[in-house]
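Colleague: Pasting a structure here, questions to come.
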Amino acid sequence: MRIDIITVVPELLASPLNESILKRAQESGHAEIYVHNLRDYTDDKRRTVDDYPFGGEAGMVMKIEPVFRCIEKLKSERDYDEIIYTSPDGITYNQREANRLSLMNNIIILCGHYKGIDYRIREHLITREISIGDYVLTGGELAACVIADSVVRIIPGAIGDEASALTDCFQDNLLAPPVYTRPSEFNGWKVPDVLLSGNFAEIEKWQEEQAYTRTKALRPDLLEE
Ligand code: ADE
1 MRIDIITVVP
11 ELLASPLNES
21 ILKRAQESGH
31 AEIYVHNLRD
41 YTDDKRRTVD
51 DYPFGGEAGM
61 VMKIEPVFRC
71 IEKLKSERDY
81 DEIIYTSPDG
91 ITYNQREANR
101 LSLMNNIIIL
111 CGHYKGIDYR
121 IREHLITREI
131 SIGDYVLTGG
141 ELAACVIADS
151 VVRIIPGAIG
161 DEASALTDCF
171 QDNLLAPPVY
181 TRPSEFNGWK
191 VPDVLLSGNF
201 AEIEKWQEEQ
211 AYTRTKALRP
221 DLLEE
């Protein structure tokens, strides 16, 4: 899978996209992630990417031309399944959407910034608008990292231990059961006996019950879906 991220602050993306699972997924060829600096698509000396809004509101608006040039260049090189814009007024991101995106070949993520982007880009070029929650970030870069991370980790083969992605929280609309490691007792705090029993049928049953009980207590809305 290939992800192209368009941003005015590429520096914000470097570290999150190049560590841990995302780093390994790129090294093993499961994912390709490219970051494009929107300023490289400007045509003035000052590399201007924003301008004042019509109507005289406060704040700046991302200009059409650099975004258009960048997206058109990428589209001329390959087909894209989705052109995503990150914005607090998009659809709320969740595991279902991550699963859906992980099946795609090529996606673009355009990071919103400033007061937003000239609305004509959203009307004519964007195919999906995604928010990572009901709060406002300084820009869409962190949201793009959240999307890239959550998508790449579930590409089949990207995680060495494949089962691990399938047992993630939310994969069955359930929270994950608690996990423990050695020592089996610390400070008088014990790991549940069943996990030490070696009886895998019992362990699985316990994990399912825990997942259900925790979801019911902490996120009953997931059970209603
Ligand atoms: N840009 C600013 N806030 C955002 C949010 N909550 N989700 C996605 N992009 C954003």
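Each residue of the sequence shown is one higher than the one before, starting from 1 at the first, in my numbering. Note that the Cβ used here is the ideal one computed from N, Cα and C, for glycine as well. Computed from a predicted structure; not experimentally measured.
(1) With E225 as the anchor, note down where its beta strand (DSSP E) starts and where it stops.
(2) Would you call the segment 3-10 in contact with the segment 144-151, where contact means no fewer than 3 C-beta pairs closer than 8 Å?
(3) Report all residues from its chain with a CB closer than 6 Å to the CB of H36; omit the five preceding and five following residues, and keep chain order.
(4) Please check the pair I108 and L74, which I expect to be a contact at CB under 8 Å, by giving their CB distance rounded to whole angstroms.
(5) Taking R24 as part of the alpha helix (DSSP H), name the residues at either end of that continuous run.
(6) Drop a sphere of 10 angstroms on the beta-carbon of I49, count the other beta-carbons inside from all chains shown, and report buried for 16 or more, exposed for fewer.
(7) Please name the residue in P10, R219, D221 and P220 whose C-alpha comes closest to that of H113.
(8) Who are the near neighbours of M60 in its chain, counting only those whose CB is closer than 8 Å to its CB and skipping five residues on each side?
(9) Once DSSP output is grouped into helix, strand and coil, what is the label at R2?
(10) Between I33, N199 and F68, which lies nearest to I126 when the distance is taken from Cα to Cα?
(11) With a Cβ-Cβ cutoff of 8 Å, do I64 and R120 count as a contact?
Modeller: This is what the structure holds:
(1) Counting along the chain, E225 falls outside any beta strand (DSSP E), and DSSP gives it neither H nor E.
(2) yes
(3) I6 and C70
(4) Yes, I108 and L74 are in contact; Cβ-Cβ is about 6 Å, under 8 Å.
(5) S20 to E27
(6) Per the sequence shown, residue 49 should be read as Val rather than Ile. Result: buried.
(7) Ranking the options by Cα distance to H113, first place goes to P10.
(8) Spatial neighbours of M60 in its own chain (CB-CB distance under 8 Å, excluding positions within 5 residues in sequence) are listed in chain order as D50, D51, Y52, P53, Y114 and K115.
(9) R2 sits in a strand when the DSSP states are folded into three classes.
(10) F68
(11) For I64 and R120, yes; Cβs fall inside 8 Å.
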